[in-house]
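K.L.:
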Amino acid sequence: MERISLRALDELTWACVAIMRACISKGEIFFRKSDGSTVSGPLHAYRAQDKTRCEPVVKTTDLRAAYKQFAICPQQQRVCVVTLKDPSDGKAKGFVCRVLPFGALASVGQFNRFSRLWQRILWELKLAASSYFDDFPAAEVRALASNRDASVKAALHLFGVDWADDKDLPFAQQADVLGVTLDASDMSRGVVRVMNKRERARDIASSIQQVLEDGCIDPRQIPSLFGRIQFSESQLMGRQGRLALAQIRKLAEARHKHVLTPLEISAFENLRARMLSGRPREIPVRLEGGRTYVFTDGACDKNDNGFSCAIGGVLYRVLSSGAYETRASGCDLDEAVVSTWAGAGKPHLIGPTELYAVVAARGVWKKFLDNERAIFFVDHSGVLSAMIKGSSRDDVWRSLLLHYEHFDAEGFLSSDRFIKMFSSASLVAKLCYRRGEGSNEVDPDGDPRFVFYPEHFISGVPIELKNTIDKLASSTPSEELLEASGHQDKSIVGDIAEGFKLSGPIPATADELRRGWLFGPVDEKDLPAEAVVTRRFGIRQGGKCRPIDNYLESGVNATASASDTITVHTADVLAAALSYRIHKLRVLRKPSNLTTRAWDLAKAYKNLALHPESISDGYLAVWNPDSQITEIYGQRVLPFGARSSVHSFCRTSLGIWIIGVCVFLLRWGVYFDDFVGSEVPCLSKLFELCADCLFMILGWTTSSDKASTFDPIAKVLGLKINLKESGLGLIYFENTEHRRDELVGFIEEVLLSSFLSRKDGERLRGRLQFAEQQISGKRAGLAFKELSRHVAKGGGKLGPGTLDALGFLKQHVACAPARCIADLSCFTWHLYVDASNDDSRAGIGGILISESGAFIGHFSEYLDEATLTDLNAAGSENPIFELECFAIWCGIHVWAQLFRYCHLIVFTDNEGALHSMVNGRSENDAGSRMVSATHALLDDCFINPWFERVNTSSNLADYPSRGISKTEWGARISIDFRRLARVAKARIEVLEDQERQLSTRVRVLESDSPDGRPPAGGSLLGTLSGASSSSGPADVGPAIAFAHQSLPSAGLKHCWEEGFWACIFDSPRDAFDGAYGTVFKRPEAPVVDGSEMPPLKVQRPGGLSLGAADGSQSFLNAVRDREVLTWKQKRGKERSEALALWLALILTWPAHIVVVGQLLRLSHDSRASMIEDLLGHKAPKTLRKRYRSILGYDGYLRDRSTPFPGTEAVFYGYLCLLREECKPASTRKALLEAITFTRFVLGITELAPL
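Using this note's numbering, you'd call the opening residue of the sequence shown number 19 and step up by one each time.
Next up, the structure:
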């Protein structure tokens, strides 16, 4: 059954707004749709002639005893027997209920089917109507009100449905609808008001007054009282009531009568005052007016005296005339206010500061914001959540929110209009009397009685007339109206006439039987002796019920075995494949824009048959509500619920995937029965054709309801894959809006009830863990741990820690950024970090190495006592764990921008720090802060980290952690470890900290330059790089280099790659790639020109700071003539080239040399192997150096027609020649080393005389 949608009040309010807008508009009206487009048109001239008769009026048509007008199917009456105690004899008696009972879940769903049908029929009659169970509220213009009322009643009479006469009030501009009062009478101001009923408000105020008079409250009163207050608060402007409720919400945890505190008394008094005189909710009708945007921010820094806080804001107004104005304000917060906040024990005050900025902006610009629609922009997620909810668990935050609500209350225009209320009498006592419920006792042996049409079996009409009316009602008007309205529920008329069923059907089993997937039903005595019968049950997934066969319960799954594991391509596999392909396309200078789509196999398991020997294990038992017995069926296809079914189907789907890859060259992945493909737009149609043909050839059908087309955004596997920026090398994975909204809604319900059972907790944890996989980082680790602790305890009422954890998870799922995969993810950095705590000195160090093995830089710092005290808050004698975590935090922070979008392997030799970083949480308070700050930074920069342990003896960062620095480790970076320690201690978001740094530097530059431009003689980037920074200037150059490398480029094109030649040759790269032995591409890591970046400062161990060498080169416009290789591939290639040169040189020497003679007697391949054995263990650089020296001497001998190796006199003459040519002494020394190398390494003893 579909989900019930209850939007009647919103639809009715919108209808009133639309009618009122048409009444006050001049000549033309327009409406803005949800997609941003507008619908407009001219107004009828009648509206200008008599506006009074065009005003909106409202009313509600309420069905009389709605459920009692619809019968139960006769076969279902046996499950609907009610028992009551007879007061005359004191015995319990049973009665058959012939109509839909009030309290059955099926009654709600079945009646809602009729409600939706009736709403659709009214729409077809051109009558705007809403549906809320048995209430049908409507808004109409006054001139058509009576006509509409008569039409609705005539249609109801035609259907034989009775309405409540005592509630049938005339249309009015102010009426009671759906438990509230709707007022559409204020045409002058152009507002529609939604307010509480007067008697409801007075009743709630009286209950609150009774609590205040008693001075205490009974916990049994709290759920009912709070529920009534919450509903009423939703109809009042402002959120002071929410703040008051938040103040007293903890009373729900009381187990005995609770004596109210002065603060709680104040909260109850506030709620009572709002119930009696609170301003109703107002919906403006007029569209004219400007737009107001307010941007606020706050800053909080820790100094020696405590905290220094400042706030600022910018107001931007677009006036109705089209002009705009901007206002700005900012100031430092009063020290008394900051001291009050700090006295509350807060580790940092950025949250209250940001909230104070919003409150201050509301007060400062009060005259610009009163009675205006304004949008506030904040960058603090906690403040955003508090402003949206209008409440907070923190006392300081609630006090600030109260000030904000005070400004709002003053800004409201006062309303002195009297609101007339209509009384609503209760009909509970009348319903049973009018419908004769329970008029007959149950006859256990009797037959089910015939069910007449609901209205007439209670009105006592003659049987002949009743049969005639039933026939007409079930065949002629109902079916004709249903067909004319286009309603999708075709069986509703028959169900109304025959009676509704309380227990649901089993259409899935019946459909499988019709398709031939099942056979039966089979009588129990006809089952084979070895048959195993499995129970079938249903689970709800989304909007449908899926039948599951419990083979775990029957023991069949325990007998399943497999020799291999199933292969499914999860989201990680798809991400890796897409990233790799985009990377290759960009390397080849081809466009990397991709599109994607998915194919879902229809009834996947049912396409594969069971082996005849397994049919005896595949019997299922299911309850049939029609026959009221359990039926047994046999299965001919793979059942859903068997372990072997999963393995068998995955083997099949993997085979289909391999055929698509190898035969059709499809780039796709498979996840159980989902196939996900990606292709460039120009080939997407061809891909689609090949995939569809493959499924058709193999006899598989795909789900039509899930069919899609190739698009940059696709929803597959419950995920949303965004390839819009694939041309820039970026892929985004995130949760679908439906999954995200469903999770957030469920968590909000749990937070509201403050209760979570064990079963619901396990289900929520599983869904959250799947959703968290598509969100960057591991910051939710502690929250998951708290949720798991609650589930392990058996569930129940939520404690403060679990409430905070669920609040964080809700905010994290709703607002966290999507997981970003970039083509730079193919690049991996290696970071070694270590810490030391010896001889009363604590140090940290780190070394960064690229994937080619080159040293990039390092840092080495000894910490002062103040920093060590901040880190060692627990007072540990040996805080090595805190220091190791701090070293990781500093290392990642220093080179964060260089690591952006890349893989990062962090090596540490501390097991505790490794475990904490991997899990994203720590029991240690200081460690927890640093872990949180580290993962926040990793998330902000989209870094893919891998934490690994390295032995202390192999940790390269061991020396830097002890104050040792070497130039061969690259540039030494000087870090501001004091500030980094404070940032980690306060758990400040790293992104906010970096933005504040950047904004500070820009303000400094603007203050130094009259026109706001960067100072002459350097770019803005260069100036910023020259400023002092904790990360040091050394990371700017590589960051620019890699940013330049990632820029898209069209590359060089030949004539056959463009125009009609491209159509003829189709794939020019495959046909002509490498024809000239050159592949043009941008260099791997260009060096920034010295004029664009200040020279890097390298700090030597002795304290001497040296600038970079002059004459730095720029290769920004250069190209390479070969592919960029990894360091292992490059080293192997260089060694092979050097060995080939040595072999070619040796073979030119005389054969009487022993080694040369041995080589000449070998085959070509064997010669290479021999040279590899002789020289393969030497470094390529050494081999080339020795080769060049021997080659020069060999050329000297050839010029003199002297065979190698010559004589001592000849060798001495060559040395003299080198001296005469002014060659450096190192050249002659290198020659002597080459002769020695050739003699002893190659074994050429003939060189001994030299």
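Glycine is no exception: its CB is placed at the ideal position from the N, C-alpha and C atoms.
Please name the residue, chosen from 699, 207 and 230, that lies closest to residue 284 on a Cα-to-Cα basis.
P.N.:
Here residue 284 is taken as the residue at index 266 of the sequence shown, counted from 1. Of 699, 207 and 230, the residue nearest in Cα terms is 230.
K.L.:
Where are the alpha helix (DSSP H) runs, 4 residues long or more, that stay fully inside the segment 372–401, in chain order?
P.N.:
For the segment 372–401, whole alpha helix (DSSP H) runs of length 4 or above, ordered along the chain, are 384–387.
K.L.:
Hey, would you say residue 612 sits closer than 9 Å to residue 539, going by beta carbons?
P.N.:
As a position in the sequence shown, residue 612 is number 594, starting the count at 1. As a position in the sequence shown, residue 539 is number 521, starting the count at 1. No. Outside cutoff.
K.L.:
According to DSSP, is residue 748 helix, strand or coil?
P.N.:
Start at 1 with the first residue of the sequence shown, and residue 748 comes out as number 730. If DSSP states are grouped into helix, strand and coil, residue 748 belongs with the strands.
K.L.:
Is it true that the CB of residue 1211 sits closer than 9 Å to the CB of residue 1232?
P.N.:
For the purposes of this step, residue 1232 is identified with residue 1214 of the sequence shown, where counting begins at 1. For the purposes of this step, residue 1211 is identified with residue 1193 of the sequence shown, where counting begins at 1. Cβ atoms of residue 1232 and residue 1211: closer than 9 Å.
K.L.:
Where do the ends of the alpha helix (DSSP H) carrying residue 216 lie?
P.N.:
Working through the sequence shown from its first residue, we reach residue 216 at position 198. Counting along the chain, the alpha helix (DSSP H) containing residue 216 begins and ends at 216–232.
K.L.:
Would you report the Cα separation of residue 1250 and residue 596, rounded to the nearest angstrom?
P.N.:
As a position in the sequence shown, residue 1250 is number 1232, starting the count at 1. As a position in the sequence shown, residue 596 is number 578, starting the count at 1. The alpha-carbon atoms of residue 1250 and residue 596 are separated by roughly 55 Å.
K.L.:
If residue 979 sits next to residue 854, beta carbons under 8 Å apart, how far is it from one beta carbon to the other, in whole angstroms?
P.N.:
Here residue 979 refers to the residue found at position 961 of the sequence shown. Here residue 854 refers to the residue found at position 836 of the sequence shown. The Cβ separation is near 4 Å, so the contact holds.
K.L.:
Quick test of your reading: residue 572 and residue 551, contact by CB under 8 Å. State the CB separation rounded to the nearest angstrom.
P.N.:
Translated into positions along the sequence shown, residue 572 becomes position 554. Translated into positions along the sequence shown, residue 551 becomes position 533. Indeed, because the Cβ distance is near 7 Å, the residues count as touching under 8 Å.
K.L.:
If residue 301 sits next to residue 210, beta carbons under 8 Å apart, how far is it from one beta carbon to the other, in whole angstroms?
P.N.:
Within the sequence shown, residue 301 is the residue found at index 283, counting from 1. Within the sequence shown, residue 210 is the residue found at index 192, counting from 1. Between residue 210 and residue 301 the Cβ distance is about 5 Å, and since that is below 8 Å, they are a contact.
K.L.:
Give me the Cα-Cα distance between residue 711 and residue 684, rounded to the nearest whole angstrom.
P.N.:
As a working note, residue 711 is residue 693 in the sequence shown. As a working note, residue 684 is residue 666 in the sequence shown. So the two alpha carbons sit approximately 12 Å from each other.
K.L.:
Going by DSSP in three states, residue 920 sits in which element: helix, strand or coil?
P.N.:
Residue 920 sits at position 902 when you count from the first residue of the sequence shown. Of the three classes helix, strand and coil, the one that applies to residue 920 here is coil, per DSSP.
K.L.:
Using C-beta distances below 7 Å, list every residue in its chain close to residue 764, excluding the 5 sequence neighbours before and after it, in chain order.
P.N.:
Here residue 764 refers to the residue found at position 746 when the sequence shown is read from its first residue. Closer than 7 Å at the Cβ level, and outside the excluded window around residue 764, lie 782.
K.L.:
CB-CB under 7 Å to residue 174, same chain, minus the five flanking residues each way: which ones, in chain order?
P.N.:
Taking the first residue of the sequence shown as position 1, residue 174 is located at position 156. Correct list, in chain order: 181.
K.L.:
Do you know offhand how far residue 1262's Cα is from residue 1256's?
P.N.:
On the sequence shown, position 1244 is the one that residue 1262 refers to. On the sequence shown, position 1238 is the one that residue 1256 refers to. If you take the alpha carbons of residue 1262 and residue 1256, they lie about 6 Å apart.
K.L.:
Between which two residues does the beta strand (DSSP E) carrying residue 192 extend?
P.N.:
For this step, residue 192 is matched to residue 174 along the sequence shown. That run of the beta strand (DSSP E) goes 192–195.
K.L.:
Contact check, residue 233 vs residue 278 under 8 Å by CB: the rounded distance?
P.N.:
As a working note, residue 233 is residue 215 in the sequence shown. As a working note, residue 278 is residue 260 in the sequence shown. So it is a contact: roughly 6 Å between Cβ atoms.
K.L.:
Between residue 1200 and residue 889, what straight-line distance do the alpha-carbon atoms span, to the nearest angstrom?
P.N.:
Counted from its first residue, the sequence shown places residue 1200 at position 1182. Counted from its first residue, the sequence shown places residue 889 at position 871. Residue 1200 and residue 889: Cα-Cα distance of roughly 48 Å.
K.L.:
Could you pull the start and end residues of the alpha helix (DSSP H) that residue 1210 belongs to?
P.N.:
Translated into positions along the sequence shown, residue 1210 becomes position 1192. That run of the alpha helix (DSSP H) goes 1198–1217.
K.L.:
Specify whether the segment 913–931 and the segment 959–969 touch according to this definition: at least 3 beta carbon pairs, one from each stretch, less than 8 Å apart.
P.N.:
Contact between the segment 913–931 and the segment 959–969 is present, because at least three Cβ pairs lie under 8 Å.
K.L.:
Spatial neighbours of residue 880 within its chain, please: CB distance less than 8 Å, with the 5 preceding and 5 following residues excluded, ordered by chain position.
P.N.:
Working through the sequence shown from its first residue, we reach residue 880 at position 862. Only 859, 860, 861 and 981 meet the Cβ criterion.
K.L.:
Which same chain residues end up closer than 6 Å to residue 556 when comparing Cβ atoms and leaving out the 5 residues on each side of it in sequence?
P.N.:
As a working note, residue 556 is residue 538 in the sequence shown. So the list reads 563 and 565, once near-sequence residues are dropped.
K.L.:
Taking all protein chains shown into account, decide if residue 4 is buried (16 or more other Cβ within 10 angstroms of its Cβ) or exposed.
P.N.:
Summary: the structure shown does not reach residue 4, with the chain confined to residues 19 through 1268, and so no result is reported for it.
K.L.:
Quick check: the segment 73–93 against the segment 47–65, are there 3 or more CB pairs under 8 Å?
P.N.:
Judged by Cβ distances under 8 Å, the segment 73–93 makes no contact with the segment 47–65, as fewer than three pairs qualify.
K.L.:
Please work out which residues of its chain come closer than 8 Å, Cβ to Cβ, to residue 968, disregarding the five sequence neighbours upstream and downstream, and give them in chain order.
P.N.:
As a first step, residue 968 is located in the sequence shown; it is residue number 950 there, counting from the start. Once the five neighbours on either side are set aside, the close Cβ partners of residue 968 are 850, 925, 926 and 927.
K.L.:
Taking the straight line between their C-alpha atoms, what separation do you get for residue 127 and residue 78?
P.N.:
Counting from one through the sequence shown, the residue named residue 127 turns up at place 109. Counting from one through the sequence shown, the residue named residue 78 turns up at place 60. Distance between the alpha carbons of residue 127 and residue 78: 21 Å.
K.L.:
Taking the alpha-carbon positions, what's the residue 1089 to residue 1227 distance?
P.N.:
For this step, residue 1089 is matched to residue 1071 along the sequence shown. For this step, residue 1227 is matched to residue 1209 along the sequence shown. Caution is warranted here: a pLDDT of 37 is assigned to residue 1089, below 50, making its placement in the model unreliable, and the coordinate value is therefore given only provisionally. Cα to Cα, residue 1089 sits roughly 58 Å from residue 1227.
K.L.:
Along the chain, which unbroken stretches of the beta strand (DSSP E) at least 3 residues long are found entirely within the segment 873–917?
P.N.:
DSSP runs (the beta strand (DSSP E)) wholly in the segment 873–917: 873–880.
K.L.:
Give me, in chain order, the residues of the same chain whose beta-carbon lies closer than 6 Å to that of residue 662; leave out the 5 immediate sequence neighbours on both sides.
P.N.:
Residue 662 sits at position 644 when you count from the first residue of the sequence shown. The answer, listed in chain order, is 578.
K.L.:
Could you give the uninterrupted runs of the beta strand (DSSP E) lying entirely in the segment 23–94, keeping only those of 3 residues or more?
P.N.:
Counting whole runs of 3 or more residues, the segment 23–94 contains the beta strand (DSSP E) stretches 46–50, 56–60 and 74–80.
K.L.:
Give the list of continuous alpha helix (DSSP H) stretches no shorter than 4 residues that lie fully inside the segment 926–976.
P.N.:
Entirely contained in the segment 926–976, the alpha helix (DSSP H) runs reaching 4 residues are, in chain order, 929–937 and 943–958.
K.L.:
At the level of alpha carbons, what is the spacing between residue 738 and residue 633?
P.N.:
Counting from one through the sequence shown, the residue named residue 738 turns up at place 720. Counting from one through the sequence shown, the residue named residue 633 turns up at place 615. Approximately 40 Å between the Cα atoms of the pair.
K.L.:
Please confirm whether any heavy atom of the ligand NAD lies closer than 8 Å to the CB of residue 815.
P.N.:
As presented, the structure is devoid of all ligands, the ligand NAD included, so that no description of it is given.
K.L.:
To the nearest angstrom, how far is the alpha carbon of residue 598 from that of residue 806?
P.N.:
Counting from one through the sequence shown, the residue named residue 598 turns up at place 580. Counting from one through the sequence shown, the residue named residue 806 turns up at place 788. In a straight line, the C-alpha of residue 598 is about 37 Å away from that of residue 806.
K.L.:
Using CA atoms only, rank isn't needed, just tell me which of 545, 827 and 569 is closest to residue 651.
P.N.:
To locate residue 651, count along the sequence shown from 1; it is residue 633. When only C-alpha atoms are compared, the closest one is 545.
K.L.:
What residue ranges within the segment 603–681 form continuous beta strand (DSSP E) runs of no fewer than 3 residues, ordered along the chain?
P.N.:
The segment 603–681 contains these whole beta strand (DSSP E) runs: 613–618, 637–642 and 647–653.
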